[in-house]
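When the letters of the sequence shown are read in order and numbered with numbering that gives the first Met the number 0, they come out as residues 0 to 162. Step one of this worksheet: look at the structure below.
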Amino acid sequence: MLVKSKPEWPPALCDQKLSCCYSTTGKPTLDFGVHGLRPNYDNGSYPSSCDNTNLYDETEIKDLISSMQENWPTLACLRNKGTKFWSHEWHKHVTCSLSTLDEHSYFKAALTIKEKVNILSVLKDARIEPGGFYSLEIIKEAVKKGTGHEAAIECNKDALSNN
Numbered sequence: 000m001l002v003k004s005k006p007e008w009p010p011a012l013c014d015q016k017l018s019c020c021y022s023t024t025g026k027p028t029l030d031f032g033v034h035g036l037r038p039n040y041d042n043g044s045y046p047s048s049c050d051n052t053n054l055y056d057e058t059e060i061k062d063l064i065s066s067m068q069e070n071w072p073t074l075a076c077l078r079n080k081g082t083k084f085w086s087h088e089w090h091k092h093v094t095c096s097l098s099t100l101d102e103h104s105y106f107k108a109a110l111t112i113k114e115k116v117n118i119l120s121v122l123k124d125a126r127i128e129p130g131g132f133y134s135l136e137i138i139k140e141a142v143k144k145g146t147g148h149e150a151a152i153e154c155n156k157d158a159l160s161n162n
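Take a look at the structure:
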């Protein structure tokens, strides 16, 4: 089983949803944010929502909240500080195979990966800038060169159904 980090680009998510709602902490910075950290089987599937008794408890991560609001923002139209999104990620992805991680360790690990693997810097080093048009192959090559890992990229559609 592999553990995968899933970054997300806020402008693309906003395009996909036709609009975007920001948390009560405001609009996120123009950078890749954390979407989640999850275990994956070799075939790409993953276990999900295994333990309904292992509940999210924000008091366990109170020292991480400001970093999470900056690096793991919620863009769904739920006016909150991100807690519903973080609770969802904890319940869906961690209560299964990552049960060796406590809540604090899980969220800290995701933030540490985001800090160490700065996707925006990797792309900028390859002269790939936000707003430009680049082939999927060029982007994947840049990520592989900059991180040492293959990238799985999902394209969203904007309000006009453009990729």
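Think of the CB as a built atom: it goes at the ideal place given N, C-alpha and C, for glycine as much as any other residue. It should be emphasised that the depicted structure is a prediction, and the values quoted were computed from it without experimental measurement.
{"Check": "Residue 133 versus residue 149 - alpha carbon distance", "Outcome": "17 Å"}
{"Check": "8 Å contact criterion, which residue 142 and residue 118 should meet: CB distance rounded", "Outcome": "7 Å"}
{"Check": "Distance between beta carbons of residue 107 and residue 47, contact taken as under 8 Å", "Outcome": "Contact doesn't hold; Cβ gap of about 22 Å is too wide."}
{"Check": "Residue span of the alpha helix (DSSP H) that contains residue 36, given as start and end", "Outcome": "Here residue 36 belongs to no alpha helix (DSSP H); instead the beta strand (DSSP E) covers 32 to 39."}
{"Check": "Where residue 85 falls: helix, strand or coil (DSSP)", "Outcome": "helix"}
{"Check": "Which listed residue (64, 144, 152, 114) has its alpha carbon closest to that of residue 124", "Outcome": "144"}
{"Check": "Contacting residues, own chain, Cβ-Cβ under 8 Å from residue 2 (five flanking each side not counted)", "Outcome": "Only weak support is given to the placement of residue 2: the predicted model assigns it a pLDDT of 46, under 50, and the value that follows is read from those uncertain coordinates. Result list for residue 2: 36, 37, 38, 39, 97, in chain order."}
{"Check": "Residue 45 versus 30, 104, 93, 110, residue with shortest Cα-Cα distance", "Outcome": "93"}
{"Check": "Simplified DSSP state of residue 94, which is helix, strand or coil", "Outcome": "coil"}
{"Check": "Test item: CB-CB of residue 56 and residue 102 under 8 Å", "Outcome": "yes"}
{"Check": "Neighbour-count burial assignment, residue 163, 16 or more Cβ in a 10 Å radius", "Outcome": "An answer regarding residue 163 cannot be provided, because it is not within the stretch 0 to 162 covered by the chain."}
{"Check": "Inter-residue Cα distance where the pair is residue 69 and residue 59", "Outcome": "18 Å"}
{"Check": "Top-ranked residue by Cα proximity to residue 33, from 85, 52, 104, 42", "Outcome": "85"}
{"Check": "Three-state class that DSSP yields for residue 131 in the structure shown", "Outcome": "coil"}
{"Check": "Contacts around residue 30, its chain only, beta-carbon distance under 6 Å, and the 5 residues preceding and following it disregarded", "Outcome": "119"}
{"Check": "Endpoints, alpha helix (DSSP H) assigned at residue 55", "Outcome": "Note, residue 55: premise wrong, no alpha helix (DSSP H); not H, not E."}
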